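Inspection log for the structure reproduced underneath, given as structure tokens.
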Amino acid sequence: MENQTRFDLNAAVENWRNELAAQPNLASDDRSELETHLRDAIAGFQQRGLNDEESFWLARKRVGQPPQLGEEFVKADPAKVWRERIFWAAIILLAIRLWSGILSIAWAIFQTTVTTPYFLNKYHSVSPFPDWVRFYLPVPSNIDLYALLFSPSSRIVFNFLSLLPVIGIAWLLSRGRLSKGFSWMQFFFQSRRRFLFISTTLFSFYILLLANSLLRYETQSDGLSLSFVIFANFMSLLYPAILIALIAWLMPTQNRKAPKRA
Amino acid sequence: MLTKDLVAASSKPLLLSILAGGESYGYEIIQKVRELSGGQIEWSDGMLYPVLHRLERDGLIDSEWKEADTGRERKYYFISSDGRKALKTERQQWLAVHNSLCKLWKIKPGSI
């Protein structure tokens, strides 16, 4: 008689993969290698006429218990997991840096084009809402709104909110959930040379922009000496530069080698 | 069945010899070893990879993720030039042991 509950092979493999992912000693590369092995073993048993469920359990037994696998793998290369962790940490820090840079530029543009002209406009100096609305509803006046927008506490809230997407994407990526939507990212990370080329190009472009703005700084000097401003700006470049170097150095090696055919 | 020590010691020449015959991946290697030894050498599947990774770290083999005919990606291993050199010395050493034992047991080398 057939089983009442049908065995779902894909769900079983998925479960097994989650079990592997819970092992702190297995790098993601090791996990995918073990998964292809499991799938090969399952296919092998299926070819010998076993059903899905039997094939899965036999293959699982063959591959071994996840905790033991973790122990054995970490012996072969104890630093591998940490290399991977630091690699991702550097990517996340760099992404946060880039994102906050983009946001601060966007915020500056927004301020100069929208909010500042709006608040400077004397027709709007009381409230954006007509009198009859303000009569019935306690809407904030423009002065209140301005204070709210530019208060230190709202700054903290904006900063926190602006980091949420970065944290969310990083978390999803580290879980392998976004592997399809983010396959284009592989373009940057396919080879160390390409990554370094793209990042140094963007970086030098940024330095040029910075140098340009520093040249203009001289004309509207406000107390700080120019050499100090140049020093401070270029010191702030050190941080992303270190991150880029770290990422390039720790980049997973498996896709870099040109295949040698025997 | 081989003892644990012997399995550990023989894995390096076995892996290098298999890969010297062409690139391969974990599952295929295990099948081959089982087949070659007539079931005498039984490697546990999950333990093979740490050995492969160690050889890779020593520069004796290289690896690459490639799409297999099933459409899924597989990690293929292939031997490096350092690996071929290492295989040569391994071969000399194992044959030295083998020949000495054969002489002691008064059997011709090659006939088991």
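Respectively, the protein sequence lines represent chains A and B.
320 is the number that this note's numbering gives the last residue of the first sequence; the numbers go up by one with no jumps.
118 is the number that this note's numbering gives the last residue of the second sequence; the numbers go up by one with no jumps.
From the three backbone atoms N, C-alpha and C, an ideal C-beta is built for every residue, glycine too.
Only a predicted model underlies this, so the values are computations on that prediction, with no experimental measurement involved.
Would you call LEU101 (chain B) buried or exposed, if buried means 16 or more other Cβ atoms sit within 10 Å of its Cβ?
exposed
Could you name the residues of the same chain whose beta carbon sits closer than 7 Å to that of SER113 (chain A), not counting the 5 residues immediately before and after it, in chain order?
ILE100, PHE103, GLN104
When DSSP labels each residue in this structure, what does TRP49 (chain B) get in the three-state scheme?
coil
Give the DSSP bridge partners of LYS38 (chain B), in chain order.
Its beta-bridge partners do not exist; DSSP assigns none.
If you measure between the beta carbons of PHE131 (chain A) and ASN83 (chain A), is that distance less than 8 Å?
yes
Between the alpha carbons of PHE253 (chain A) and LEU42 (chain B), how many angstroms are there, rounded?
44 Å
Taking C-alpha atoms, which residue in B:LEU21, B:SER86, B:ARG63 lies nearest to LEU54 (chain B)?
Considering only alpha carbons, the answer is B:LEU21.
Distance, Cα to Cα, GLU142 (chain A) vs ALA134 (chain A)?
Each residue's Cα considered, the two are about 15 Å apart.
How long is the line joining the alpha carbons of LYS315 (chain A) and GLU79 (chain B), rounded to whole angstroms?
Note that LYS315 (chain A) scores a pLDDT of 43, beneath 50, so its modelled location is shaky; the value from the coordinates is reported in the next line. If you draw a straight line from the Cα of LYS315 (chain A) to the Cα of GLU79 (chain B), it is about 16 Å long.
Can you tell me whether GLU48 (chain B) is buried or exposed? The criterion is at least 16 other CB atoms within 10 Å of its CB, across all chains shown.
exposed
Taking 8 Å as the threshold (beta carbon to beta carbon), is SER50 (chain B) in contact with chain A?
It does; some Cβ of chain A falls within 8 Å.
Quick check on ILE225 (chain A): buried or exposed, where buried means 16 or more other Cβ atoms within 10 Å of its Cβ?
Sixteen is the threshold: since fewer than 16 other Cβ atoms of the shown chains lie within 10 Å of the Cβ of ILE225 (chain A), the residue is exposed.
Helix, strand or coil for ILE154 (chain A), going by three-state DSSP, please let me know.
Of the three classes helix, strand and coil, the one that applies to ILE154 (chain A) here is helix, per DSSP.
Quick check on this structure: which residue in B:PHE84, B:LEU12, B:LYS109 has the alpha carbon closest to the alpha carbon of SER69 (chain B)?
B:PHE84
Mind the definition here: the region 292 to 310 of chain A touches the region 252 to 266 of chain A only if three or more C-beta pairs lie below 8 Å; say whether that holds.
yes
Helix, strand or coil at LYS114 (chain B) according to DSSP, with G and I counted as helix
The answer is coil: DSSP assigns LYS114 (chain B) none of H, G, I, E or B.
Cβ of GLY32 (chain B) less than 8 Å from any chain A Cβ?
With 8 Å as the cut-off, GLY32 (chain B) counts as an interface residue toward chain A.
How big is the Cα-Cα spacing for LEU29 (chain A) and PRO125 (chain A)?
No answer is possible for residue 29 (chain A): it lies beyond the span of chain A, which begins at 59 and ends at 320.
Could you give the residue range of the alpha helix (DSSP H) that holds ASP98 (chain A)?
Annotation for ASP98 (chain A): the continuous alpha helix (DSSP H) segment containing it runs 86 to 105.
Neighbour list for HIS59 (chain B) in chain A, Cβ cutoff strictly below 7 Å:
Chain A residues near HIS59 (chain B): ALA134, ASP135.
Mapping the DSSP letters down to three states, classify TYR264 (chain A) as helix, strand or coil.
helix
Going by the CB atoms, is the gap between ILE67 (chain B) and LEU12 (chain B) shorter than 8 Å?
no
Three-state secondary structure (DSSP) at SER285 (chain A)?
helix
Looking at the C-beta of GLU91 (chain A), does it have a partner C-beta in chain B at a distance below 8 Å?
yes
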